[in-house]
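Residue numbers (the working numbering): 63 to 724. Using N, Cα and C, we set each Cβ at its ideal position, and we do this for glycine too. These figures come from a predicted structure and were not determined experimentally. Beneath this line is the structure, given in structure tokens, with notes to follow.
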């Protein structure tokens with residue numbers, strides 16, 4: 063016992079009270095006495111007694127009446143009734159009112175002590191039982207709360223595979239009611255294609271041969287009131303189970319009596335896993351596409367250069383010029399193809415400038431609308447400018463790709479709706495796309511065309527995937543758009559339903575910088591007399607570049623590697639007015655060569671040239687102070703203009719060496 067039991071002895075015969083008190087105290091009980099009902103009731107109300115020994119006949123009150131009053135205020139107190147009546151009716155009445163036991167006077171002390179001990183022990187056992195029951199109730203409440211608030215479905219089956227328990231998550235995840243499935247076989251909610259797999263799994267659980275810890279199944283779903291049934295026909299889950307066994311008392315063998323387990327929704331996990339796999343696949347394909355585009359652009363540069371050199375030698379009326387112009391057109395078409403490959407490859411933003419997205423969308427839509435009169439173009443722009451840092455040509459390429467797709471999806475004409483607005487994207491919206499939360503420019507491109515089904519939507523960004531006829535597309539437009547937008551730390555997302563049109567949503571990070579106005583391009587050719595160093599590892603590019611620049615009047619020095627370029631700068635740098643530097647070279651690449659030249663001559667004008675920029679290296683070099691960039695293949699007019707702009711801006715030849723000759 064955790065404390066000494068307290069006993070109240072009530073008898074109007076003082077001698078009996080004193081005798082019983084003496085006897086109980088000898089057994090280490092804490093004893094109090096009372097000789098009337100009034101005193102006894104007062105003592106009970108003021109003290110916490112474990113037991114009352116009560117004479118039935120008291121001078122001021124009948125014992126049964128007193129017992130009822132004691133029990134009313136203290137229902138857990140034990141009472142032993144003592145009586146001297148030959149008639150036991152009063153004692154039996156006391157037992158019916160809740161007395162623990164009764165003793166007839168005179169009684170043996172040993173019998174009295176044994177009865178008291180039993181009463182005290184029974185009360186202690188009852189208190190312990192109540193405590194255990196309370197703890198069990200609390201534990202049951204806790205686990206009931208955990209089960210019913212778990213996002214997973216917790217279930218039990220009987221030996222025949224029928225549901226005996228299902229947690230309330232069932233209703234949220236699958237749309238069935240718990241009451242509607244209790245007593246039904248588990249196969250009721252398993253998709254027909256997966257029933258054999260489910261049966262094998264439950265049989266394997268039952269046998270104890272635990273080869274698989276879990277299994278992935280598709281379960282039927284009837285919707286949750288928020289989606290129609292056609293939009294949500296099944297749910298992919300991971301199912302785990304354990305057998306429930308009962309050991310036989312006769313032979314000790316275990317008998318299978320049921321199953322318990324957990325059903326977890328893994329559809330979101332599968333979606334994220336598929337998204338990650340797709341991103342990795344796109345990255346690998348992008349590397350391949352970038353390498354192809356780089357080599358192809360170098361070939362186009364050789365063809366473009368030779369064509370330009372021939373054109374410069376012919377008079378305006380020469381008949382061969384017509385063929386050369388046709389070659390230039392073919393080169394331009396091929397250049398558009400490589401630009402799409404480079405966009406998909408996410409090879410870097412080349413000329414990044416603060417750009418008003420409203421202006422860019424309007425300009426591209428106006429240009430597109432001039433050639434597609436059968437399309438109605440509606441615009442709804444954000445009231446104020448929305449500035450993003452972007453390569454304008456690349457984002458314009460994305461928009462034109464989307465416009466062309468929309469036009470082809472509306473063969474009988476339709477409406478193209480363009481809208482821009484400012485939005486704030488939180489972590490939940492950004493995490494699946496691996497971009498940072500913050501303020502974004504939202505551009506939506508919506509058509510009223512034939513739309514796409516779910517299967518097509520899953521492949522629209524795959525390179526060379528197309529639903530068009532071969533003569534109407536390469537399947538690179540959306541792949542390119544995906545790569546460009548991702549490389550601008552943005553999001554591109556499509557929504558579509560068959561016969562209900564398509565909406566493409568673009569999100570680009572907003573910038574606080576001021577917009578730089580774009581200078582219109584020209585086709586004039588400008589000459590010069592300065593000295594230019596060409597650095598490229600391709601003989602074809604070296605030869606064509608030297609010939610073009612010489613025809614423009616420049617003095618030309620060449621180097622076929624970064625190491626050789628640094629030697630030339632050390633040896634003849636004082637006479638060099640401009641360096642045209644290739645981005646991708648074996649050994650010392652364009653970035654390291656740029657840093658080496660600027661270390662020797664901090665003010666040396668340098669123009670970067672590349673058919674491809676891996677991992678945005680072009681953008682990084684431009685940010686370190688490079689004077690300009692030209693994309694291969696380039697025409698003689700583009701080359702002449704870029705060279706002249708840089709030379710005029712830097713003041714021509716500069717004596718910029720750090721006392722190299724001293």
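Residue 482 to residue 680, Cα distance in whole Å?
Here residue 482 corresponds to residue number 420 of the chain shown, with the count starting at 1. Here residue 680 corresponds to residue number 618 of the chain shown, with the count starting at 1. In this model, residue 482 and residue 680 are separated by some 29 Å (Cα to Cα).
Could you please give the first and the last residue of the uninterrupted beta strand (DSSP E) stretch that includes residue 595?
Taking the first residue of the chain shown as position 1, residue 595 is located at position 533. Looking at the DSSP string, the run of the beta strand (DSSP E) that includes residue 595 is 593-597.
Pairing CB atoms from the stretch 627-645 with CB atoms from the stretch 590-608, are three or more of them under 8 Å?
Cβ pair count under 8 Å is three or more, so yes.
Go ahead and pull the three-state DSSP assignment for residue 532.
Stepping through the chain shown from its first residue, residue 532 is reached at position 470. The pLDDT assigned to residue 532 is 44, lower than 50, so where the model puts this residue is not dependable; a value taken from the coordinates is nonetheless given after this. Helix.
Can the beta-carbon of residue 122 be found less than 7 Å from the beta-carbon of residue 159?
Against the chain shown, residue 122 aligns to sequence position 60. Against the chain shown, residue 159 aligns to sequence position 97. Cβ atoms of residue 122 and residue 159: not closer than 7 Å.
Using a Cβ-Cβ cut-off of 8 Å (strictly less than) and excluding sequence neighbours within five positions of residue 687, which residues of its own chain qualify?
Mapped onto the chain shown, residue 687 falls at position 625. Cβ within range, chain order: 660.
Is the CB-CB distance between residue 112 and residue 68 below 7 Å?
Position 50 of the chain shown, counted from the start, is the residue given in the question as residue 112. Position 6 of the chain shown, counted from the start, is the residue given in the question as residue 68. The Cβ atoms of residue 112 and residue 68 lie closer than 7 Å to each other.
Under a three-way DSSP split, which group does residue 437 fall into?
Counting from 1 along the chain shown, the entry for residue 437 is found at position 375. DSSP, read as helix, strand or coil, puts residue 437 in strand.
Coil, strand or helix - residue 215 by DSSP
Residue numbering aside, residue 215 sits at position 153 when the chain shown is read from its first letter. In the three-state scheme derived from DSSP, where H, G and I count as helix and E and B as strand, residue 215 is classed as strand.
Identify whether residue 545 lies in helix, strand or coil by the three-state DSSP scheme.
Residue 545 sits at position 483 when you count from the first residue of the chain shown. The DSSP-derived three-state label of residue 545 is helix.
Spatial neighbours of residue 442 within its chain, please: CB distance less than 6 Å, with the 5 preceding and 5 following residues excluded, ordered by chain position.
Working through the chain shown from its first residue, we reach residue 442 at position 380. Excluding residues within five positions, the ones whose Cβ falls inside 6 Å are 481.
Report back the beta-carbon spacing between residue 281 and residue 244 to the nearest angstrom; my notes put them in contact at under 8 Å.
Locating residue 281 in the chain shown gives position 219, where the first residue counts as 1. Locating residue 244 in the chain shown gives position 182, where the first residue counts as 1. With a Cβ gap of about 17 Å, residue 281 and residue 244 do not count as contacting.
Among 414, 170 and 141, which one has its Cα closest to the Cα of residue 156?
Numbered from its first residue, the chain shown carries residue 156 at position 94. Taking only the C-alpha atoms, the option nearest residue 156 is 141.
Pick out whichever of 187, 136 and 458 has its Cα sitting closest to the Cα of residue 568.
Stepping through the chain shown from its first residue, residue 568 is reached at position 506. Of the candidates 187, 136 and 458, 458 places its Cα closest to the Cα of residue 568.
Thinking residue 103 and residue 94 are a contact (beta carbons under 8 Å), I'd like their distance in whole angstroms, please.
For the purposes of this step, residue 103 is identified with residue 41 of the chain shown, where counting begins at 1. For the purposes of this step, residue 94 is identified with residue 32 of the chain shown, where counting begins at 1. Actually they do not touch by this definition, with Cβ atoms about 13 Å apart.
With respect to the alpha helix (DSSP H) encompassing residue 6, which residues constitute its N-terminal and C-terminal limits?
Residue numbering for the chain in the displayed model covers 63 to 724; residue 6 lies beyond these limits and cannot be assessed.
Can you give me the start and stop residues for the beta strand (DSSP E) that residue 693 sits inside?
Within the chain shown, numbered from 1, the residue matching residue 693 stands at position 631. Counting along the chain, the unbroken beta strand (DSSP E) around residue 693 starts and ends at 690-693.
Kindly confirm or deny that the stretch 413-433 and the stretch 376-386 touch, where touching means at least three C-beta pairs closer than 8 Å.
With the cut-off at 8 Å, the stretch 413-433 and the stretch 376-386 do not touch.
Using the three-state DSSP reduction, which class does residue 132 fall into: helix, strand or coil?
Taking the first residue of the chain shown as 1, we reach residue 132 at position 70. Secondary structure at residue 132: helix, using DSSP grouped into helix, strand and coil.
I need the straight-line Cα distance from residue 488 to residue 499, nearest angstrom please.
For the purposes of this step, residue 488 is identified with residue 426 of the chain shown, where counting begins at 1. For the purposes of this step, residue 499 is identified with residue 437 of the chain shown, where counting begins at 1. Counting only the Cα atoms, residue 499 lies some 5 Å from residue 488.
N-terminal and C-terminal residue of the beta strand (DSSP E) that residue 94 is part of:
Counted from its first residue, the chain shown places residue 94 at position 32. Element bounds for residue 94: 92-96.
Give every residue of the same chain whose Cβ lies closer than 6 Å to the Cβ of residue 161, excluding the five residues on either side of it in the sequence, and list them in chain order.
In the chain shown, the residue the question calls residue 161 occupies position 99. So the qualifying residues of the chain are 141 and 143.
I'd like the span of the alpha helix (DSSP H) that includes residue 555, first residue to last.
In the chain shown, counting from the first residue as 1, residue 555 sits at position 493. Note, residue 555: premise wrong, no alpha helix (DSSP H); beta strand (DSSP E) at 553-558.
I'd like the list of long-range same chain contacts for residue 370, defined as Cβ closer than 7 Å, with 5 residues on each side in sequence excluded.
If you number the chain shown from 1, residue 370 lands on position 308. Residues of the same chain with a CB within less than 7 Å of the CB of residue 370, apart from the 5 flanking positions on each side, are 610, 697 and 698 in chain order.
Anyone know if the C-beta pair for residue 614 and residue 589 falls short of 7 Å?
Within the chain shown, the letter at position 552 stands for residue 614. Within the chain shown, the letter at position 527 stands for residue 589. Taking 7 Å as the Cβ cut-off, residue 614 and residue 589 qualify as a contacting pair.
Starting from residue 648, follow its DSSP beta bridges and name the residues at the other end.
Here residue 648 refers to the residue found at position 586 of the chain shown. The secondary-structure analysis by DSSP pairs residue 648 with nothing; it has no beta-bridge partner.
Any contact of the stretch 463-483 with the stretch 509-523, i.e. 3+ C-beta pairs under 8 Å?
Yes, the stretch 463-483 is in contact with the stretch 509-523.
How far does the alpha helix (DSSP H) with residue 326 in it reach, from first residue to last?
Stepping through the chain shown from its first residue, residue 326 is reached at position 264. No alpha helix (DSSP H) holds residue 326; the beta strand (DSSP E) holding it covers 316-327.
Any heavy atom of the ligand COA closer than 6 Å to the CB of residue 376?
Of the ligands one can find in the structure shown there are none, so the ligand COA has no counterpart to examine.
Please return the same chain residues whose Cβ sits closer than 8 Å to the Cβ of residue 304, not counting the five positions on each side in sequence.
Reading the chain shown from its first residue, position 242 is the one you call residue 304. Here residue 304 has 267, 321, 322 and 323 as same chain residues with Cβ atoms under 8 Å from its own Cβ, once five neighbours each way along the sequence are excluded.
Distance check for residue 546 and residue 438, CA to CA, integer angstroms please.
Taking the first residue of the chain shown as 1, we reach residue 438 at position 376. Taking the first residue of the chain shown as 1, we reach residue 546 at position 484. So the two alpha carbons sit approximately 27 Å from each other.
Residue 449 and residue 573: beta carbons closer than 7 Å?
Counting from 1 along the chain shown, the entry for residue 449 is found at position 387. Counting from 1 along the chain shown, the entry for residue 573 is found at position 511. Yes.
Range covered by the alpha helix (DSSP H) that runs through residue 466:
Working through the chain shown from its first residue, we reach residue 466 at position 404. Element bounds for residue 466: 454-470.
Could you tell me which uninterrupted alpha helix (DSSP H) segments, each at least 4 residues in length, are contained entirely in the stretch 613-684, listed from first to last along the chain?
Complete alpha helix (DSSP H) runs here, min 4: 624-634 and 652-662.
Using a threshold of 7 Å, state whether the C-beta atoms of residue 638 and residue 591 are closer than that.
Along the chain shown, one-based indexing puts residue 638 at 576. Along the chain shown, one-based indexing puts residue 591 at 529. In this structure, residue 591 does not lie closer than 7 Å to residue 638 by Cβ.
Three-state secondary structure (DSSP) at residue 589?
On the chain shown, position 527 is the one that residue 589 refers to. For residue 589, the secondary structure class from DSSP, reduced to helix, strand or coil, is coil.
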